[in-house]
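Just so we're aligned, residue 140 is where the sequence shown starts under the working numbering, counting upward by one. The beta-carbon is built from N, C-alpha and C at its ideal position, and this holds for glycine as well. The model shown is predicted, which means the values in this text are computed figures rather than measured ones. All remarks here apply to the structure that follows.
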Amino acid sequence: MSKYKEEIAGRWITPVKKGYRMRCCDCGLVHKIDFRGKNVQFRVFRDNRATGQIRRHMR
Numbered sequence: 140m141s142k143y144k145e146e147i148a149g150r151w152i153t154p155v156k157k158g159y160r161m162r163c164c165d166c167g168l169v170h171k172i173d174f175r176g177k178n179v180q181f182r183v184f185r186d187n188r189a190t191g192q193i194r195r196h197m198r
């Protein structure tokens, strides 16, 4: 089983507040996402190490 939860496009999710990790299904990029506040605000960072690991196994 993957350490990243498989998300389906358009489905609502309830992630953890800090350090939520998401893997894009089409390109294998792994993003680390942080949320803050009551309003919908979030920021996304590419996790280069995890992305490299995923892409190695996609070949």
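| query | result |
| --- | --- |
| What does the alpha-carbon distance come out to for the pair R175 and R185? | 18 Å |
| I need the DSSP call for R194, collapsed to helix, strand or coil. | helix |
| On a CA-only basis, which of D173, R198, G158, L168 is nearest A189? Give me that one, please. | L168 |
| Among M161, K157, H170, Y159, whose alpha-carbon lies nearest the alpha-carbon of N187? | H170 |
| Note down the Cα distance separating M161 from I172, rounded to an integer number of angstroms. | 8 Å |
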